[in-house]
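Going by our numbering, the sequence shown opens with residue 1303, and the numbers climb by one from there. We treat Cβ as the ideally placed atom computed from N, Cα and C, and that holds for glycine. Working notes, beginning with the structure itself.
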Amino acid sequence: MGLDLLGLENAAHHGPAKKRRRRAGFAEEVLRAYAYACAFCGFDGALGRNPVGLEAVHVRWHSQDGPDEVNNGLALCSLHHALFDLGVLGLTHALHIQVSQSYVARSHAGRTIDALHGQPITTPRPGLPGIDPDHVVWHGLQVF
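The following block contains the structure:
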């Protein structure tokens, strides 16, 4: 990752950092924008009327000044959220999925991640903002 870990460590020695509050409504707006389905694989599980295993994700992390706005959000299933945050998955400028060259899987299930490489993501519903390219660049430089 490209995050300044030394800077984070030094900040820990200089007292508590001020935490930004998350904007209420961000998660619901993002999930609604992506029609309650993972933008990478289409997973849309629900328990009754409640989505399960589906999360609103910040492309530019909230802790790194990423805004709580739909143009910085993705709806991802829990697995793809974790892999996106760890840098296993990323996005191209054209909003196609990238898989890290360092990712290795032996099982059939694990190799389904490789099959995502080059696939376009599902975009938000018409009339809603897509991901701001600056946030995609940030994720590519700092995480992927």
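Suppose the cutoff is 7 Å on Cβ atoms and the five residues either side in sequence are ignored; what does the same chain contact list for R1362 look like? G1368, N1374, H1437, W1440, H1441
Inter-stretch contact at 8 Å, needing at least 3 Cβ pairs: the segment 1324–1334 / the segment 1344–1364: yes
Which residues in the same chain have their Cβ closer than 8 Å to the Cβ of R1413, if we skip the five residues on either side of it in sequence? A1407
Report the residue from L1430, L1349, S1380 whose alpha carbon sits nearest the alpha carbon of V1332. L1430
Is I1423 near L1393, with beta carbons less than 8 Å apart? yes
Can you check whether the CB of P1428 is closer than 8 Å to the CB of H1395? Cβ distance not < 8 Å, so H1395 and P1428 don't count as in contact.
Let me confirm a value: L1391 is counted as buried when at least 16 other C-beta atoms fall within 10 Å, else exposed. Which label applies? buried
Give every residue of the same chain whose Cβ lies closer than 7 Å to the Cβ of P1426, excluding the five residues on either side of it in the sequence, and list them in chain order. Sequence-distant Cβ neighbours of P1426 in its own chain, meaning closer than 7 Å and more than five residues away, are A1335, Y1336, V1372, G1432.
Within the segment 1335–1405, ranges of the alpha helix (DSSP H) (whole runs, at least 4 residues): With a minimum length of 4 residues, the continuous alpha helix (DSSP H) runs that stay inside the segment 1335–1405 are 1380–1388.
For P1435, the three-state DSSP class (helix, strand or coil): helix
What's the gap between the Cα of N1312 and the Cα of S1365? Low local confidence applies: a pLDDT of 47 at N1312 is under 50, so the model's placement there is unreliable, with the coordinate-based value given in what follows. About 16 Å.
Rounded C-alpha distance that separates Q1447 from A1411: Nothing about residue 1447 can be reported from this structure: the residues present for the chain run from 1303 to 1446 only.
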